[in-house]
Structure formats: C-alpha cells, structure tokens
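Novice:
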Amino acid sequence: MVESRVIFITGAGSGIGFDTACRFIKTGATVIACDRDVLGLQKLEQFSQREGKIVEILPLDLLDVPSFNLAEDAVRKYGHLDVLVNCAGICSGTPLDQITIEEWDRTYAVNVKGPFFLTIRLLPFLKAGNQPTIINISSMAGFTGGIKSNPAYSSSKAALTCMTKNLAKFCAPFGIRVNEVSPGTARTAMVENWLDENEIQKFILQIPMGRLAEADDISRVIVFLASKDAGFITGQTIHVNGGMYIP
Ligand code: NAP
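Residue 213 in my numbering sits at position 233 of the sequence shown, with consecutive numbering throughout.
#1: As an exercise, report each continuous alpha helix (DSSP H) stretch of at least 4 residues that is fully enclosed by the stretch 35 to 86, in chain order.
#2: Go to Ala169, then tell me how far its alpha helix (DSSP H) extends in each direction, as first and last residue.
#3: Below 7 Å between beta carbons: does that hold for Trp174 and Ala132?
#4: The ligand NAP and Pro163: does any heavy atom of the ligand fall closer than 6 Å to the residue's C-beta?
#5: Please return the same chain residues whose Cβ sits closer than 6 Å to the Cβ of Ala206, not counting the five positions on each side in sequence.
#6: Below 8 Å on the Cβ atoms is my contact criterion, and I expect Arg3 with Ser199 to pass it. Report the Cβ-Cβ distance as a whole number of Å.
#7: Which stretch, first to last residue, makes up the alpha helix (DSSP H) that contains Asn146?
#8: Using the C-alpha atoms, what's the distance from Thr124 back to Cys71?
#9: Going by beta carbon distance, what residues of the same chain come within less than 6 Å of Met(-19), once the five residues before and after it are set aside?
#10: Taking DSSP as the reference, what is the three-state secondary structure of Met(-19)?
#11: Note down the Cα distance separating Leu192 from Leu42, rounded to an integer number of angstroms.
#12: Any heavy atom of the ligand NAP closer than 6 Å to the CB of Arg16?
#13: If the criterion is Cβ atoms closer than 7 Å, does the pair Met189 and Gly215 meet it?
#14: Can you tell me the Cα-Cα spacing of Arg157 and Gln78, whole angstroms?
#15: So what does Cys2 bridge to, in DSSP terms?
#16: In terms of residue numbering, what span does the beta strand (DSSP E) encompassing Pro188 cover?
#17: Could you tell me which residues DSSP puts in a beta bridge with Asp15?
#18: Would you kindly report the start and end of the unbroken alpha helix (DSSP H) that includes Asn178?
#19: Pull the bridge partners of Val(-14) from the DSSP assignment, please.
#20: Do you know how far the Cα of Cys151 is from the Cα of Ile115?
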C-alpha cells in the first residue's frame, strides 16, 4: 500500500523535510520533493538514485503563491495526493526590538500563508487520495514563546497550530486527517545558523532527556501520522521535544 502512495513534502531539501523525504522514498512511495534549495533537492535525488528509487524534485519558493500551479501540475500527473507535509519554514535570531516589517511579513508568508494556500491548491487531489492526510510542522516556540523571543517566528508557528485545527475540522468530512508535529530544538541547519555550539550545550541542560532532537526523531513521527495506525487521529499536535515542554 505504501508503495503506491503519493507524498508531497515542502522543505525537502534540508533537515527534517530531507529526512522525511528519505524515509518515504525508502518505502517506495512516490515522493514529490519541493524546496527553494535546489542543491538540497539534488542531494535528495542522489540519495534516491543510490536507493534505486525515483524522487520528483520541484524547485518552488513558498513566497511565490502564483507559482503554486507548478505544485498542482506535479500532482495532477498522478491524479491524486495521499500525504502533504508542510515542513518548510524560516526562523531568525533577530532580537525582538530589531525585527523589521519585511522580516515579519516574510516569516508569516513562508510559515503560514504559503502552507495555507498550497494546501488549498492541493486539496482537490487530497480529496481523491487514499486515506489522505496533511501534516504540518509547527514548533515548541509556538507554545512557549521560543528561546530567543523572536515573536515573528513563534507567533507564526502558533498561527500554524491554529490553522491545523481549522483545517482538521474542515477536512474531516472529506476523510482527510490533519495533524501537526511540534519539534523542540532539533540539530538542523536552522538551529546551527543561529545557536553556536556553546549556546547549544547550555540549551541542552534545559532538556530533560539531555540532548537536542535529531531530524529522524521528527521524521519517524511524521511517517507514523501518515500511516493507517494513526487513522482516527486528527486535529492533534504531537510534541517531540525530549520533555522540555510538557503541555
Ligand atoms: P532547515 O534545515 O532550514 O530546512 C528548511 C527548508 O525549508 C530549507 O531547505 C529551506 O531552504 C526551505 N525553505 C525556507 N524558505 C522557503 C521558501 N520560501 N520556499 C521553499 N522552501 C523554503 O530547517 P529544519 O530545522 O529542517 O526545519 C523544518 C521545519 O521544522 C520548519 O518549519 C521549522 O520551523 C520547524 N522546526 C524546526 C526546529 C528545529 O529546531 N530545527 C524546531 C521547531 C520547528 P533554504 O535553506 O534555502 O532556506
């Protein structure tokens, strides 16, 4: 069953999205890997070749909503979509009082507006899918306010959490489940760009399980949410943070 599934993943060129794409590729699913990072997508293509599998790469910028017709075209070929993973996101370490209007708008455009309109454009294909499901990647920051108090990022992720709930209610009558995975701090390019190793070590002291998340801690939960085993779960957040935030 897994082999015939069509999976669309944003942010598939790096970090959590890359690892998630690799995991689905290994199952033999048809993966449409979307990112603005073309080099990252090429690395994913090399991975799939080594595995003897095929991945379809789709360079796309979530800031460019009109270009989402390319995403529709990519999915239309298969006639349906089974899993949409909205993983791409941006975060900066800009101090609260130095955030510009441009940074605020860009953060919301990538983290909330892009995922929303991409989802709406792909909804007709999900309605035709087999046990279709949408998985958004939110953040512990959306629940706690974040580490460095960048409200553009944390509030955009809180908005994504709310959107997950709206979509879950809207999509349930069509048999589409909508959930989110909320990572704590994961060792990916995003974190390594704004925390140095010294800060990371101090940060780890606050995590009960004593380490950062790895990308595969998150991707395994994404694959679970996409599976039959999660068939009656919708509108939920699964927190993956080593106990740092316990709701
Ligand atoms: P990452 O390694 O930076 O991967 C994010 C990917 O999204 C990158 O390839 C990035 O491309 C791409 N992207 C950014 N803006 C885009 C746009 N406008 N259009 C298309 N693609 C775009 O980060 P990650 O840690 O894997 O993060 C994945 C998700 O997890 C994000 O939504 C993030 O907010 C969430 N998250 C991460 C952590 C963490 O600690 N890592 C914690 C909580 C939540 P570029 O490289 O070109 O920017």
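Even glycine gets a Cβ: it sits at the ideal position worked out from N, Cα and C.
Specialist: The short version:
#1: Whole alpha helix (DSSP H) segments, 4+ residues: 49 to 56.
#2: Per DSSP, Ala169 belongs to the alpha helix (DSSP H) from Ala169 to Glu172.
#3: Result no, Cβ atoms of Trp174 and Ala132 do not sit closer than 7 Å.
#4: At least one heavy atom of the ligand NAP lies less than 6 Å from the C-beta of Pro163.
#5: Cβ contact annotation for Ala206 (same chain, cutoff 6 Å, sequence separation greater than five): Val63 and Thr113, in chain order.
#6: Rounded, the Cβ-Cβ distance is 5 Å, consistent with contact.
#7: Following the DSSP letters along the chain, one finds Asn146 inside the alpha helix (DSSP H) bounded by residues Pro131 to Cys151.
#8: Spanning the alpha carbons of Cys71 and Thr124 requires a straight line of approximately 15 Å.
#9: Caution applies to Met(-19), whose pLDDT of 45 falls short of 50 and renders its modelled position unreliable; the model cannot decide the point.
#10: Because Met(-19) sits at a pLDDT of 45, beneath the cut-off of 50, its placement in the model cannot be relied upon, and the point is left open.
#11: C-alpha separation (whole angstroms): 28 Å.
#12: With a threshold of 6 Å, the Cβ atom of Arg16 counts as near the ligand NAP, since some heavy atom of the ligand is closer than that.
#13: No, these two residues do not count as a Cβ contact at 7 Å.
#14: One C-alpha to the other measures close to 39 Å.
#15: Residue pairing from DSSP leaves Cys2 without any beta-bridge partner.
#16: According to the DSSP assignment, Pro188 belongs to no beta strand (DSSP E), since it is labelled neither H nor E.
#17: Pro39, per the DSSP bridge assignment.
#18: First-last of the alpha helix (DSSP H) with Asn178: Glu177 to Ile184.
#19: In the DSSP assignment, Val(-14) forms a beta bridge with Thr10.
#20: Going from the Cα of Ile115 to the Cα of Cys151 covers about 13 Å.
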